[in-house]
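Colleague: Residue numbers (this note's numbering): 3 to 103.
All C-beta atoms in this analysis are idealised placements derived from N, C-alpha and C, irrespective of residue type, glycine included.
As C-alpha cells, this is what we get:
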C-alpha cells in the first residue's frame, strides 16, 4: 500500500547560488521524496508606501506578508522524515530508510 508522509520544514540563513556573499532566509521543505528551497522575499518600505499601507488610523493599513518562491529543488531516493540546517551551507535530512545525508 502507498504511504503518505507529512512535510518537514526547517528555516535557515543560507548562502545561495547567485546571491553573492549575502545570507538569505530560506525555508527548506521536504515532502515525500522532494526537497525544495523556498526563498523568502519581504516587501520594502517603498512597496508599503506605494500600495497605500501604513495608514495611521488603521483603516487603510495593508498587511504585507513575505512571499515565497522556489529557489531550487531536488529529489531523493526515499521519503524524507526530518530536515535541519547545520549552517549557511549545510542542510541535513533523514529518510525513512534511516539514511542520514
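Mind the definition here: the stretch 75-82 touches the stretch 12-25 only if three or more C-beta pairs lie below 8 Å; say whether that holds.
Modeller: The stretch 75-82, when compared against the stretch 12-25, does not touch it at the 8 Å Cβ threshold.
Colleague: In whole angstroms, what is the alpha-carbon distance linking residue 95 and residue 85?
Modeller: As a position in the chain shown, residue 95 is number 93, starting the count at 1. As a position in the chain shown, residue 85 is number 83, starting the count at 1. The alpha-carbon atoms of residue 95 and residue 85 are separated by roughly 4 Å.
Colleague: With DSSP as the reference, please indicate the residues paired to residue 95 in a beta bridge.
Modeller: Locating residue 95 in the chain shown gives position 93, counting from the first residue. 85, per the DSSP bridge assignment.
Colleague: What are the start and end residues of the beta strand (DSSP E) that includes residue 45?
Modeller: To locate residue 45, count along the chain shown from 1; it is residue 43. Unbroken run through residue 45: none, as it is neither H nor E.
Colleague: Out of 35, 12 and 7, which has the shortest C-alpha to C-alpha gap to residue 87?
Modeller: By 1-based counting over the chain shown, the position of residue 87 is 85. Checking every option, the nearest Cα to that of residue 87 belongs to 12.
Colleague: Is residue 91 buried or exposed, if buried means 16 or more other CB atoms sit within 10 Å of its CB?
Modeller: As a first step, residue 91 is located in the chain shown; it is residue number 89 there, counting from the start. Result: exposed.
Colleague: Measuring only the C-alpha atoms, how far is residue 16 from residue 5?
Modeller: Start at 1 with the first residue of the chain shown, and residue 16 comes out as number 14. Start at 1 with the first residue of the chain shown, and residue 5 comes out as number 3. Their Cα atoms are separated by approximately 31 Å.
Colleague: Quickly, what does DSSP pair residue 27 with across the bridge? List them, please.
Modeller: Walking along the chain shown from the start, residue 27 turns up at place 25. According to DSSP, residue 27 bridges with 15.
Colleague: Can you check which of these residues, 8, 97, 10 and 38, is closest to residue 70 by C-alpha distance?
Modeller: The count along the chain shown starts at 1 and reaches residue 70 at position 68. When each option's Cα is compared against that of residue 70, the closest is 38.
Colleague: Quick check on residue 28: buried or exposed, where buried means 16 or more other Cβ atoms within 10 Å of its Cβ?
Modeller: As a working mapping, residue 28 is identified with position 26 in the chain shown. It is buried - the Cβ of residue 28 has at least 16 other Cβ atoms within 10 Å.
Colleague: Which residues in the same chain as residue 97 place their Cβ atom closer than 7 Å to its Cβ, once the five residues preceding and following it in sequence are excluded?
Modeller: Working through the chain shown from its first residue, we reach residue 97 at position 95. These residues qualify, in order along the chain: 78, 80, 81, 82 and 83.
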